[in-house]
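Structure first, then comments.
Residue numbers (my numbering): 1132 to 1258.
Structural data, given as structure tokens:
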């Protein structure tokens, strides 16, 4: 039952060849899978390009952008005032209209905090 000499070498060589063939087949399957995912980008002379359409151009007059070119929403006016009453305190609130890229938006804010940040709005309403 023991294999000696050249027979042992022959059987070991056959097993090594079989293992290499199986590893090659597995590698080929993985390689073909990776190749399907990656496609090289190629451009032709006749490839399409987007051209500017004048009627679709949006005027940027009324919009304000910061140094990172992000849209800045700013308060436009104070629309309404009310006082929120709690058990021991009263909080003055103001309703603000904002210029927004989605259209006019309204929010309620605390008057004291809002007055510190945007005093020019309160100067307009006082006169």
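The beta-carbon is built from N, C-alpha and C at its ideal position, and this holds for glycine as well. Being a predicted model, the structure only gives us computed values, none of them experimental.
Rounded distance between the beta-carbons of residue j and residue i, thought under 8 Å
{"i": "residue 1207", "j": "residue 1229", "result": "6 Å"}
{"i": "residue 1232", "j": "residue 1202", "result": "5 Å"}
{"i": "residue 1245", "j": "residue 1210", "result": "The Cβ separation is near 13 Å, so there is no contact."}
Assigned exposure category for residue i - 16 Cβ within 10 Å defines buried
{"i": "residue 1225", "result": "buried"}
{"i": "residue 1174", "result": "exposed"}
{"i": "residue 1253", "result": "exposed"}
{"i": "residue 1259", "result": "With the chain represented from 1132 up to 1258, any question about residue 1259 goes unanswered, as that position is not in the structure."}
{"i": "residue 1227", "result": "buried"}
Backbone secondary structure at residue i - three-state DSSP
{"i": "residue 1258", "result": "The pLDDT assigned to residue 1258 is 47, lower than 50, so where the model puts this residue is not dependable; a value taken from the coordinates is nonetheless given after this. It is coil, neither helix nor strand."}
{"i": "residue 1135", "result": "coil"}
Checklist entry - Can you list, in chain order, the stretches of the beta strand (DSSP E) that have 3 or more residues and sit fully within the stretch 1195 to 1246? => result 1205 to 1216, 1221 to 1230, 1236 to 1241
Item to check | Those runs of the alpha helix (DSSP H) which lie wholly inside the stretch 1145 to 1184 and span at least 4 residues | outcome: none
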